[in-house]
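Colleague: Going by UniProt numbering, the residue at position 174 of the sequence shown is 174; the numbering climbs one at a time, nothing skipped.
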Amino acid sequence: MPAAATATTTVIVIGSGGREHALGWKLAQSPRVKKVYFAPGNGGTSENIDIKQNEIDKLVAFAKKQGRDHCLTVVGPEESLSLGIADAFANEGLRLFGPKKQAAMLETSKVFAKEFMQKAGIPTAAFATFSDAQKAKDYISKQNRPLVVKADGLAAGKGVIVCDSAQQAMEAVDKIMVAKEFGAAAGGKVVIEERLSGEEASFIALCDGKTIMPLASSQDHKRVFDGDKGPNTGGMGAYSPAPVVDSALHEKIVKRVMEPALKEMNVRGTPFTGFLYAGIMVDEKTGEPYVLEFNTRMGDPECQPIMMRMKSDLYEYIDAAVDGRLASMPAIEWHDKTAVCVIMASRGYPGSYKKGEVIEGLGDFGPDTMVFHAGTARDAQGRTVTNGGRVLGVTAAGKDARHAIENAYSAVRKIRWGENGHYYRTDIARRAL
Numbered sequence: 001m002p003a004a005a006t007a008t009t010t011v012i013v014i015g016s017g018g019r020e021h022a023l024g025w026k027l028a029q030s031p032r033v034k035k036v037y038f039a040p041g042n043g044g045t046s047e048n049i050d051i052k053q054n055e056i057d058k059l060v061a062f063a064k065k066q067g068r069d070h071c072l073t074v075v076g077p078e079e080s081l082s083l084g085i086a087d088a089f090a091n092e093g094l095r096l097f098g099p100k101k102q103a104a105m106l107e108t109s110k111v112f113a114k115e116f117m118q119k120a121g122i123p124t125a126a127f128a129t130f131s132d133a134q135k136a137k138d139y140i141s142k143q144n145r146p147l148v149v150k151a152d153g154l155a156a157g158k159g160v161i162v163c164d165s166a167q168q169a170m171e172a173v174d175k176i177m178v179a180k181e182f183g184a185a186a187g188g189k190v191v192i193e194e195r196l197s198g199e200e201a202s203f204i205a206l207c208d209g210k211t212i213m214p215l216a217s218s219q220d221h222k223r224v225f226d227g228d229k230g231p232n233t234g235g236m237g238a239y240s241p242a243p244v245v246d247s248a249l250h251e252k253i254v255k256r257v258m259e260p261a262l263k264e265m266n267v268r269g270t271p272f273t274g275f276l277y278a279g280i281m282v283d284e285k286t287g288e289p290y291v292l293e294f295n296t297r298m299g300d301p302e303c304q305p306i307m308m309r310m311k312s313d314l315y316e317y318i319d320a321a322v323d324g325r326l327a328s329m330p331a332i333e334w335h336d337k338t339a340v341c342v343i344m345a346s347r348g349y350p351g352s353y354k355k356g357e358v359i360e361g362l363g364d365f366g367p368d369t370m371v372f373h374a375g376t377a378r379d380a381q382g383r384t385v386t387n388g389g390r391v392l393g394v395t396a397a398g399k400d401a402r403h404a405i406e407n408a409y410s411a412v413r414k415i416r417w418g419e420n421g422h423y424y425r426t427d428i429a430r431r432a433l
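(1) Here's the rule: buried if 16 or more other CB atoms are within 10 angstroms of the residue's CB, otherwise exposed. What is LYS311?
(2) Could you round the C-beta distance between THR273 and ASP208 to whole angstroms and report it? I think they count as a contact, below 8 Å.
(3) Would you mind stating whether ALA104 and LEU72 have Cβ atoms separated by less than 7 Å?
(4) If you measure between the beta carbons of VAL322 and ARG95, is that distance less than 7 Å?
(5) Taking all protein chains shown into account, do 16 or more other C-beta atoms lie within 10 angstroms of the C-beta of ASP164, making it buried, or fewer, making it exposed?
(6) Classify HIS70 as buried or exposed, calling it buried when 16 or more other Cβ atoms lie within 10 Å of its own Cβ.
(7) Please go through the same chain and pick out, in chain order, the residues whose beta-carbon is closer than 6 Å to the beta-carbon of GLU284, but skip the five residues on each side of it.
(8) Does the stretch 371–389 come into contact with the stretch 206–222, if we say contact requires no fewer than three beta-carbon pairs (one atom in each stretch) closer than 8 Å?
(9) Buried or exposed: where does GLU20 fall if 16 or more other Cβ atoms within 10 Å of its Cβ makes it buried?
(10) Can you give me the C-alpha to C-alpha distance between HIS403 and ALA397, rounded to a whole angstrom?
(11) Go ahead and pull the three-state DSSP assignment for LYS137.
(12) Quick test of your reading: ALA86 and LYS100, contact by CB under 8 Å. State the CB separation rounded to the nearest angstrom.
(13) Would you check if there are 3 or more beta carbon pairs closer than 8 Å linking the stretch 165–177 to the stretch 284–293?
(14) Could you tell me which of ARG416, MET265, CYS303 and ARG413 sits nearest to MET117, measuring between CA atoms?
(15) Under a Cβ-count criterion, where at least 16 other Cβ atoms within 10 Å of its own Cβ denotes burial, should ASP152 be classed as buried or exposed?
(16) Give every residue of the same chain whose Cβ lies closer than 7 Å to the Cβ of TYR424, excluding the five residues on either side of it in the sequence, and list them in chain order.
(17) Excluding sequence positions up to five away, which residues of its chain have a Cβ less than 8 Å from the Cβ of GLY363?
(18) Under the rule that 16 or more other beta-carbon atoms within 10 Å means buried, what is VAL267, buried or exposed?
(19) Would you say ALA397 touches the ligand HEM, meaning its beta carbon is less than 6 Å from a heavy atom?
(20) Please classify GLY15: does DSSP put it in a helix, a strand, or coil?
(21) By alpha-carbon positions, which one of LYS52, ALA120 and PHE97 ends up nearest to GLU259?
(22) If you draw a straight line from the C-alpha of PRO31 to the C-alpha of LEU392, how long is it?
(23) Run the CB neighbour count on GLU107, radius 10 Å, all protein chains shown included, and call it buried at 16 or more, exposed below.
(24) Mark SER109 as exposed unless 16 or more other C-beta atoms lie within 10 angstroms of its C-beta, in which case mark it buried.
(25) Given PHE127, which residues of its chain have a CB within under 8 Å of its CB, disregarding the five upstream and five downstream residues?
(26) Mind checking which residues open and close the beta strand (DSSP E) that includes ALA155?
(27) DSSP on SER46, reduced to helix/strand/coil?
(28) Using C-beta distances below 7 Å, list every residue in its chain close to LEU433, excluding the 5 sequence neighbours before and after it, in chain order.
(29) For GLY198, which beta-bridge partners are listed by DSSP?
(30) Rounded to whole angstroms, what is the Cα-Cα separation between ARG416 and THR384?
(31) Can you tell me whether MET1 is buried or exposed, with buried defined as 16 or more other CB within 10 angstroms of its CB?
(32) Assuming ALA201 and ALA242 make a contact with CB atoms under 8 Å, what is their CB distance in whole Å?
(33) Between which two residues does the beta strand (DSSP E) carrying CYS71 extend?
(34) Taking 7 Å as the cut-off, decide whether the C-beta atoms of LYS150 and VAL162 are in contact.
(35) From the DSSP output, which residues share a beta bridge with ALA238?
(36) If you reduce the DSSP assignment to three classes, tell me which class LEU262 lands in.
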């Protein structure tokens, strides 16, 4: 980057969660970036525009107004990708970082993803797919092993049901395919797969269709309660780096997962540009990596600690990826620290919960702590109020995992809303100790 970089670019970050707040926060630090808009943003983001993430035509029109050569759009949520936002922007000659609709099927269809992995030779759990609930149950009754049942379509991170018994697996099929608890589109088909055992890690990379630029490793905590108990959520916390991903495992994931995925996408004529996320299970017996799922956007809440640790200019790398020149970029530099994100959720999440409760205790916690907003809004008096299940991502860095954990929970304890209105896990990043 030239020493005297000029701020000429407007960035639009699409989405309203903690991931989008963290991406915008990091992108705004670039000397090349003039302004960051959030569409629609939340109670903690500034420069919000009143356009929802699924209003593709309006987003195209807003980006056009900023000028084709001076605007870059970064997509946060999977919904926008599933609706073909990347295709719509490409048709207008607009710069956008995110995969086209066909490539985004790696996330939007669990059936597509499993068949894709099988074809590409990517290690994953044994599986079967069904569009008939009774046939799915007949299959379950013949299995003598723990299973995972997955809704085919998007389900906000809640459509994966880890089962301890055949009875639970059959109930999961009913939830997804009969009761349509995750929606009609998500519940048309199910994937039933072998339940793997081991430690999970998130491996996310920037891709430009040809080249992979890995980000720092991280680990998410999906289950709602301490000790990984209770139902799956969109994520209750994360930390980076994940000690389980050492240099040898990092290399295996690049060679056996990320590169074959990019190659298979090109073979199909749907090159992948965007954040490619592989949810990895490191087998407890062999230490080998298996892919649990692909996401086609940055992880949330993994994004928050990754952005806290990133030393390099994120904008420069995304700009290079959109232009197809990632291969010319140096490896990303990282602060030699651990970062921990603790999600503060509304009590009752992932079930029903209250909205509109005033959040107290938000303040400046110092340079090593950031409170990234997710399910928040501003009320008529300008106060920050709750507006979702996962409300805040309290993220802190420290010289090691212990210090990062202490810093994060120190900030968490100062924040509150309602009478006993919030909930958070108390064991985030304990595996890193």
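Every residue, glycine too, gets a C-beta built ideally from N, C-alpha and C.
Modeller: According to the data block:
(1) Here residue 311 is taken as the residue at index 311 of the sequence shown, counted from 1. Classification of LYS311: exposed, given that the 10 Å Cβ count is below 16.
(2) Residue mapping note: residue 273 aligns to position 273 of the sequence shown, counting from 1. Residue mapping note: residue 208 aligns to position 208 of the sequence shown, counting from 1. Their Cβ separation, rounded to whole angstroms, is 6 Å, which keeps THR273 and ASP208 in contact under 8 Å.
(3) Along the sequence shown, read from residue 1 onward, the residue named residue 104 stands at position 104. Along the sequence shown, read from residue 1 onward, the residue named residue 72 stands at position 72. Contact: no.
(4) For the purposes of this step, residue 322 is taken as the residue at position 322 of the sequence shown. For the purposes of this step, residue 95 is taken as the residue at position 95 of the sequence shown. Contact flag set, yes.
(5) The residue labelled residue 164 in the question sits at position 164 within the sequence shown. Exposed, because fewer than 16 other Cβ atoms sit within 10 Å of the Cβ of ASP164.
(6) Here residue 70 corresponds to residue number 70 of the sequence shown, with the count starting at 1. So HIS70 ends up on the exposed side.
(7) Position 284 of the sequence shown, counted from the first residue, corresponds to residue 284. Contacts found: SER197 and GLY198.
(8) Contact annotation: the stretch 371–389 does not touch the stretch 206–222, with fewer than three C-beta pairs closer than 8 Å.
(9) Taking the sequence shown and counting its residues from 1, one reaches residue 20 at position 20. Burial call: buried.
(10) Translated into the one-based positions of the sequence shown, residue 403 becomes position 403. Translated into the one-based positions of the sequence shown, residue 397 becomes position 397. Cα-Cα distance, rounded: 8 Å.
(11) Mapped onto the sequence shown, residue 137 falls at position 137. Here LYS137 carries a helix assignment [DSSP, helix/strand/coil].
(12) Numbered from its first residue, the sequence shown carries residue 86 at position 86. Numbered from its first residue, the sequence shown carries residue 100 at position 100. About 4 Å; that satisfies the 8 Å criterion.
(13) no
(14) What you label residue 117 is simply residue 117 of the sequence shown in a count that begins at 1. For the residues ARG416, MET265, CYS303 and ARG413, the minimum Cα distance to MET117 belongs to MET265.
(15) Residue 152 sits at position 152 when you count from the first residue of the sequence shown. Answer is buried; the Cβ neighbour count reaches 16.
(16) Working through the sequence shown from its first residue, we reach residue 424 at position 424. Cβ-Cβ distances below 7 Å link TYR424 to VAL342, ILE343, MET344, ALA345 and VAL412 in the same chain, with the five nearest sequence neighbours on each side left out; the list follows chain order.
(17) On the sequence shown, position 363 is the one that residue 363 refers to. So the qualifying residues of the chain are LYS414.
(18) The residue you call residue 267 lines up with position 267 of the sequence shown. Classification of VAL267: exposed, given that the 10 Å Cβ count is below 16.
(19) Questions concerning the ligand HEM fall outside what the structure shown contains, since it holds no ligand whatsoever.
(20) As a working note, residue 15 is residue 15 in the sequence shown. Residue state, collapsed to three classes: strand.
(21) Here residue 259 refers to the residue found at position 259 of the sequence shown. Nearest of LYS52, ALA120 and PHE97 to GLU259, Cα basis: ALA120.
(22) Walking along the sequence shown from the start, residue 31 turns up at place 31. Walking along the sequence shown from the start, residue 392 turns up at place 392. Each residue's alpha carbon lies about 28 Å from the other.
(23) Counting from one through the sequence shown, the residue named residue 107 turns up at place 107. Buried: at least 16 other Cβ atoms inside 10 Å.
(24) What you label residue 109 is simply residue 109 of the sequence shown in a count that begins at 1. By the 10 Å Cβ count, SER109 comes out buried.
(25) What you label residue 127 is simply residue 127 of the sequence shown in a count that begins at 1. LYS114, VAL191, ILE192, GLU193 and GLU194.
(26) Here residue 155 refers to the residue found at position 155 when the sequence shown is read from its first residue. First-last for ALA155: undefined, no H or E at that position.
(27) Along the sequence shown, read from residue 1 onward, the residue named residue 46 stands at position 46. Three-state result, SER46: coil.
(28) Stepping through the sequence shown from its first residue, residue 433 is reached at position 433. Excluding residues within five positions, the ones whose Cβ falls inside 7 Å are ALA401 and ARG402.
(29) Translated into the one-based positions of the sequence shown, residue 198 becomes position 198. Per DSSP, ASP283.
(30) Within the sequence shown, residue 416 is the residue found at index 416, counting from 1. Within the sequence shown, residue 384 is the residue found at index 384, counting from 1. Rounded to the nearest angstrom, the two C-alpha atoms are 12 Å apart.
(31) Working through the sequence shown from its first residue, we reach residue 1 at position 1. Unreliable positioning characterises MET1 in this predicted model, as indicated by a pLDDT of 44, which lies under 50. The coordinate reading is nonetheless provided below. By the 10 Å Cβ count, MET1 comes out exposed.
(32) By 1-based counting over the sequence shown, the position of residue 201 is 201. By 1-based counting over the sequence shown, the position of residue 242 is 242. About 5 Å; that satisfies the 8 Å criterion.
(33) Locating residue 71 in the sequence shown gives position 71, counting from the first residue. First-last of the beta strand (DSSP E) with CYS71: 71–75.
(34) Stepping through the sequence shown from its first residue, residue 150 is reached at position 150. Stepping through the sequence shown from its first residue, residue 162 is reached at position 162. No. Outside cutoff.
(35) Start at 1 with the first residue of the sequence shown, and residue 238 comes out as number 238. Note: ALA238 sits in a beta bridge opposite ASP220 and CYS341.
(36) Position 262 of the sequence shown, counting from 1, holds the residue named residue 262. Helix, per DSSP.
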